[in-house]
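Throughout the sequence shown, residue numbering follows my numbering, covering 1 to 382 in sequence.
Just so it is clear, CB atoms sit at the ideal spot from N, CA and C, and this is done for glycine as well.
Note that the structure is a prediction, hence the values are computed from the model and not measured.
Have a look at the structure below, then the notes.
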Amino acid sequence: MKISSQSLALLAPSLLAFLLAGTAEAADPSPATQTPKHAKSAGSPDNVGEFADFNDWQAVNAFIDTMVAQHGFARKDLEAIFKNAHYVGAAVQLVKPAPSGQPKNWQAYRARFVEPVRIAAGVAFWNAHADALAREEKEFGVPAEIVVGIIGIESMFGRNTGNFRVLDVLATLAFAYPETPTRAARMEYFRSELENALLFARESDIDPFSLRGSYAGAIGYPQFMPASIRKYAVDYDGNGKIDLRNSADDAIGSIGNFLVQHGWRRGEPTVFEATVSTPVDNTQANNWPSLIGQGLEARFKPEVLKAAGVTTRVEPPADMLFGLVDLQNGTEPTEYWLGAPNFFAITQYNRSYFYAMSVIELSKAVRSARNSDDGRAEPMQK
1 MKISSQSLAL
11 LAPSLLAFLL
21 AGTAEAADPS
31 PATQTPKHAK
41 SAGSPDNVGE
51 FADFNDWQAV
61 NAFIDTMVAQ
71 HGFARKDLEA
81 IFKNAHYVGA
91 AVQLVKPAPS
101 GQPKNWQAYR
111 ARFVEPVRIA
121 AGVAFWNAHA
131 DALAREEKEF
141 GVPAEIVVGI
151 IGIESMFGRN
161 TGNFRVLDVL
171 ATLAFAYPET
181 PTRAARMEYF
191 RSELENALLF
201 ARESDIDPFS
211 LRGSYAGAIG
221 YPQFMPASIR
231 KYAVDYDGNG
241 KIDLRNSADD
251 AIGSIGNFLV
261 QHGWRRGEPT
271 VFEATVSTPV
281 DNTQANNWPS
291 LIGQGLEARF
301 KPEVLKAAGV
311 TTRVEPPADM
321 LFGLVDLQNG
331 TEPTEYWLGA
341 PNFFAITQYN
351 RSYFYAMSVI
361 ELSKAVRSAR
371 NSDDGRAEPM
381 QK
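Next comes the structure, spelled out in structure tokens:
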């Protein structure tokens with residue numbers, strides 16, 4: 001997965017895992033070699049896509065065989081689904097990686113998300129769902145502002161959840177992914193998500209074509225992929241079903257559960273601002289660069305970091321482990337932070353340093369605005 005900067009990501013719950021990754025090189029979840037027989041190159045304006053009889057494709061029939069054998073689906077039911085699935089060329093175009101060569105810039109990335117409109121919307125969302133957020137914080141231990149920050153970045157508090165039919169885009173990307181070096185891995189990934197979408201629809205007793213989401217198949221307020229819905233989502237409003245598209249409460253509880261399952265620790269910090277320099281005693285080489293890019297986990301004691309030339313304004317707890325986080329700023333100096341285990345729990349949501357820091361920064365800004373006299377807002381309408 002990633003080791004540094006904005007690269008495509010895999011194994012995270014959200015669409016942003018593909019687009020806004022900032023620090024862990026991920027295998028491309030990818031796809032196939034077959035070109036749709038009756039498909040145009042772009043989806044229609046309403047994101048419905050174009051007819052393509054997926055049942056004509058050998059890879060689709062092999063997938064159906066697996067679903068019948070492993071999960072007990074009726075072949076005729078799956079054939080009917082694939083008969084009605086559409087090829088979405090827009091999704092194929094949108095998942096193509098951006099041209100390389102642009103330097104990574106944390107401050108530019110941050111400015112896209114930590115800005116007045118999103119902050120005000122965050123205050124309104126918090127006010128509207130204060131009870132659920134307080135309950136989540138008590139039960140899961142994830143501060144309300146962190147949950148608010150994630151929802152704000154993922155879907156602008158439910159305003160931008162996507163309107164593609166999830167079955168269409170997953171079928172398209174599972175069997176007609178564009179040529180990339182990591183195509184096979186993406187094919188495997190999207191076929192797994194297609195499998196989970198069909199299982200979730202059956203378990204929830206819903207029409208699989210009723211699932212709507214992003215062009216990569218991410219769903220609802222938190223932009224969970226189907227596998228993450230099945231594994232981590234919870235019915236937090238108590239109505240007997242999980243609905244991340246229409247229930248902010250379900251989204252709030254699901255994010256709390258996801259983070260706890262990925263290592264969130266109640267009451268612990270996320271980051272400490274740091275600087276890097278030559279060790280004071282000059283008894284060893286200035287080896288802090290060797291601590292960069294050491295995976296998405298906290299691995300080093302403060303004493304090890306200090307000996308390597310890393311210092312902080314606020315003394316971090318001596319009994320905690322940290323990772324050295326580098327936030328590149330283009331031609332400007334790189335920012336350095338110590339990431340605590342809770343920082344790396346956020347990177348499991350989207351495998352990116354940039355993403356995790358933007359969640360933290362937006363959460364602080366929303367909390368500060370809400371606590372100020374100027375931060376009072378009416379509940380936001382979706």
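The beta carbons of Tyr-349 and Leu-259 sit closer together than 8 Å. Shown here for Thr-311: same chain residues with a beta carbon closer than 6 Å to its own, the five before and five after excluded, namely Thr-275 in chain order.
According to DSSP, residue pairing for Trp-337 in a beta bridge involves Glu-273 and Val-325. Going by C-alpha positions, Leu-170 is about 48 Å away from Ser-277. A distance below 7 Å between beta-carbons, with the five flanking residues on each side excluded, links Glu-335 to the following residues of its chain, in chain order: Trp-106, Leu-327 and Asn-329.
Around Asn-196, the same chain offers Met-225, Pro-226, Ala-227, Ile-229 and Arg-230 as residues with beta carbons nearer than 8 Å, after the five sequence neighbours per side are excluded. Rounded to the nearest whole angstrom, the CA to CA distance from Thr-270 to Lys-301 is 15 Å. Leu-211 sits close to Ala-201, with the two beta carbons spaced by under 8 Å.
Boundaries of the beta strand (DSSP E) harbouring Val-310: 310-312, taken from the DSSP string.
Considering only Val-92, Val-359 and Ser-372, the residue with the shortest C-alpha distance to Arg-112 is Val-359.
The criterion of a C-beta distance shorter than 8 Å is not satisfied by Tyr-232 and Ser-214. Counting C-beta atoms within 10 angstroms of its own C-beta, Arg-165 has 16 or more neighbours from the protein chains shown and is therefore classed as buried. The C-alpha of Asn-342 is placed about 11 Å away from the C-alpha of Gly-141.
Between Ala-121 and Phe-157, the beta carbon gap of about 5 Å places them in contact (Cβ cut-off 8 Å). Excluding sequence positions up to five before and after Ala-365, its CB lies within less than 7 Å of the CB of Val-114 and Ile-119, all in the same chain and listed in chain order. If you look at Pro-226, you'll find it in the alpha helix (DSSP H) that goes 226-232.
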